[in-house]
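Participant: FYI, the numbering for the sequence shown is 32 to 286, going by this note's numbering. Built from N, CA and C at the ideal position, the CB exists for glycine as well. Bear in mind the structure is a predicted one, so any value in this text is a computation, not a measurement.
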Amino acid sequence: MYQVLIVDDEFLARKLLQDYVSKIPELQLAGTAQNAFEAFSFCKEHHVDIVLLDIHMPDLNGIELARTLKNVPSIIFTTAYSEYALDSYEVSAVDYLLKPIALPRFMLAIEKAIARLKGLAPSEATEVSTSPAPATHSLQVTEGSNPSNLSTPSLSYLMVKADYKLYKINFDDLYYVEGQHEYVSFYTKDKRITALYSLKALEDQLPREKFVRVHKSYIVSIDHISEIEQVTVTVAGQKIPIGGSYRDSLLERLG
Numbered sequence: 032m033y034q035v036l037i038v039d040d041e042f043l044a045r046k047l048l049q050d051y052v053s054k055i056p057e058l059q060l061a062g063t064a065q066n067a068f069e070a071f072s073f074c075k076e077h078h079v080d081i082v083l084l085d086i087h088m089p090d091l092n093g094i095e096l097a098r099t100l101k102n103v104p105s106i107i108f109t110t111a112y113s114e115y116a117l118d119s120y121e122v123s124a125v126d127y128l129l130k131p132i133a134l135p136r137f138m139l140a141i142e143k144a145i146a147r148l149k150g151l152a153p154s155e156a157t158e159v160s161t162s163p164a165p166a167t168h169s170l171q172v173t174e175g176s177n178p179s180n181l182s183t184p185s186l187s188y189l190m191v192k193a194d195y196k197l198y199k200i201n202f203d204d205l206y207y208v209e210g211q212h213e214y215v216s217f218y219t220k221d222k223r224i225t226a227l228y229s230l231k232a233l234e235d236q237l238p239r240e241k242f243v244r245v246h247k248s249y250i251v252s253i254d255h256i257s258e259i260e261q262v263t264v265t266v267a268g269q270k271i272p273i274g275g276s277y278r279d280s281l282l283e284r285l286g
């Protein structure tokens with residue numbers, strides 16, 4: 032069994048990777064860490080074969096941490112940022128996974144890590160891939176509905192999987208959606224729900240007559256817009272930025 036340490040400052044990212052690790056018989060979760068300092072201390076006190084390492088973390092980033100981990104044979108970066116791929120060569124990373132991370136892509140990285148640990152095909156094991164992984168979607172629709180088109184007239188809600196639950200979100204109760212790297216947060220009348228999902232995919236699936244993209248990180252409910260200023264739109268009392276490339280289309284949609 033290969034001992035795996037997960038290092039990520041986002042709870043949902045850690046939970047996803049824990050789930051992936053549990054699906055591979057050769058792996059055993061040694062522990063998790065929320066930041067580089069926790070990870071450094073853990074590696075000093077425990078045997079670790081593979082580190083699944085985020086890059087953007089407070090105080091000390093993943094690249095800097097990797098330079099200090101002299102006794103960890105296999106490091107796989109898990110990040111939402113592609114610009115650090117070249118830096119990963121400096122620390123001999125096994126692979127470089129871009130979030131959102133699909134299970135097949137994760138399994139390929141683990142195969143490379145295990146190959147390095149076994150001393151097999153070292154040239155392949157040290158190859159770093161910078162191509163984005165296919166998105167893994169947590170948004171679900173009800174049985175019998177068309178998942179590629181949520182704007183069908185008969186569908187007035189969507190089902191979102193988060194925190195090991197299924198949440199029913201009525202379109203009329205959804206104020207806006209905020210994209211946060213590989214996650215989105217749904218702001219509704221009653222609560223905020225955060226799930227693993229692509230904002231672009233969601234834009235394509237939400238009913239166009241009810242929702243509009245106003246920023247690279249925001250989709251808002253047209254019905255709940257109360258004010259539009261030069262660079263912001265107010266939705267349910269919350270001021271949301273308007274991206275320059277989205278302003279004209281927003282005004283056109285509102286007539």
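Where in the segment 32-89 do unbroken runs of the beta strand (DSSP E), each at least 3 residues long, occur, reported from the N-terminal end onward?
Facilitator: DSSP runs (the beta strand (DSSP E)) wholly in the segment 32-89: 33-38, 58-64 and 81-84.
Participant: Locate the beta strand (DSSP E) running through Asp279, then write down its first and last residues.
Facilitator: For the purposes of this step, residue 279 is identified with residue 248 of the sequence shown, where counting begins at 1. Element bounds for Asp279: not the beta strand (DSSP E) but the alpha helix (DSSP H), Arg278 to Arg284.
Participant: Quick one: residues in its chain with C-beta nearer than 6 Å to the C-beta of Thr63, no 5 flanking neighbours on either side, listed in chain order?
Facilitator: As a working mapping, residue 63 is identified with position 32 in the sequence shown. Excluding positions up to five away in sequence, the list reads Ile37 and Arg45.
Participant: Taking only the alpha-carbon atoms, compute the straight-line gap between Asn66 and Leu148 and give it to the nearest angstrom.
Facilitator: For the purposes of this step, residue 66 is identified with residue 35 of the sequence shown, where counting begins at 1. For the purposes of this step, residue 148 is identified with residue 117 of the sequence shown, where counting begins at 1. Those two C-alpha atoms are separated by around 25 Å.
Participant: Tell me which same chain residues have a C-beta within less than 6 Å of the C-beta of Leu48, skipping the five on either side of it?
Facilitator: For this step, residue 48 is matched to residue 17 along the sequence shown. Excluding sequence neighbours, Leu48 sits near Ile37 and Leu83.
Participant: Considering only DSSP beta bridges, list what Asp126 is partnered with.
Facilitator: Position 95 of the sequence shown, counted from the start, is the residue given in the question as residue 126. Ile107, per the DSSP bridge assignment.
Participant: Using the Cβ count rule (16 or more neighbours within 10 Å means buried), how would you classify Met88?
Facilitator: Here residue 88 is taken as the residue at index 57 of the sequence shown, counted from 1. Burial call: buried.
Participant: Straight-line CA distance for Thr110 to Asp39?
Facilitator: Here residue 110 refers to the residue found at position 79 when the sequence shown is read from its first residue. Here residue 39 refers to the residue found at position 8 when the sequence shown is read from its first residue. Whole-angstrom Cα-Cα distance: 9 Å.
Participant: Here's the rule: buried if 16 or more other CB atoms are within 10 angstroms of the residue's CB, otherwise exposed. What is Val262?
Facilitator: Against the sequence shown, residue 262 aligns to sequence position 231. It counts as exposed.
Participant: On the three-state DSSP scale, how would you describe Ile141?
Facilitator: Here residue 141 refers to the residue found at position 110 when the sequence shown is read from its first residue. Helix at Ile141.
Participant: By alpha-carbon positions, which one of Lys270, Ser252 and Tyr249 ends up nearest to Ile259?
Facilitator: Counting from 1 along the sequence shown, the entry for residue 259 is found at position 228. Out of Lys270, Ser252 and Tyr249, Lys270 has the C-alpha closest to the C-alpha of Ile259.
Participant: Please return the same chain residues whose Cβ sits closer than 6 Å to the Cβ of Glu41, not counting the five positions on each side in sequence.
Facilitator: Locating residue 41 in the sequence shown gives position 10, counting from the first residue. Correct list: empty, nothing qualifies.
Participant: CA-CA distance, Val208 and Leu281?
Facilitator: The count along the sequence shown starts at 1 and reaches residue 208 at position 177. The count along the sequence shown starts at 1 and reaches residue 281 at position 250. Whole-angstrom Cα-Cα distance: 16 Å.
Participant: Is Gly268 helix, strand or coil when you go by DSSP?
Facilitator: Within the sequence shown, numbered from 1, the residue matching residue 268 stands at position 237. In this structure, Gly268 counts as coil in the three-state DSSP scheme.
Participant: Please classify Asp221 as buried or exposed, where buried requires at least 16 neighbouring CB atoms within 10 angstroms.
Facilitator: Here residue 221 refers to the residue found at position 190 of the sequence shown. The residue is exposed, with fewer than 16 neighbouring Cβ atoms inside 10 Å.
Participant: Can you give me the C-alpha to C-alpha distance between Ala267 and Ile106, rounded to a whole angstrom?
Facilitator: The residue labelled residue 267 in the question sits at position 236 within the sequence shown. The residue labelled residue 106 in the question sits at position 75 within the sequence shown. Between Ala267 and Ile106, the C-alpha separation is close to 44 Å.
Participant: List the residues that DSSP assigns as beta-bridge partners of Ala121.
Facilitator: Here the question's residue 121 lines up with position 90 in the sequence shown. Looking at the sequence provided, one finds Glu at residue 121 rather than Ala. Answer by DSSP bridge pairing: none, since Glu121 is not bridged.
Participant: Can you tell me the Cα-Cα spacing of Leu100 and Met190, whole angstroms?
Facilitator: Start at 1 with the first residue of the sequence shown, and residue 100 comes out as number 69. Start at 1 with the first residue of the sequence shown, and residue 190 comes out as number 159. Between Leu100 and Met190, the C-alpha separation is close to 42 Å.
Participant: Out of Ile81, Asp80, Glu76 and Phe71, point me to the one whose CA is closest to Leu91's CA.
Facilitator: In the sequence shown, residue 91 corresponds to position 60, counting from 1. Closest by alpha carbon: Phe71.
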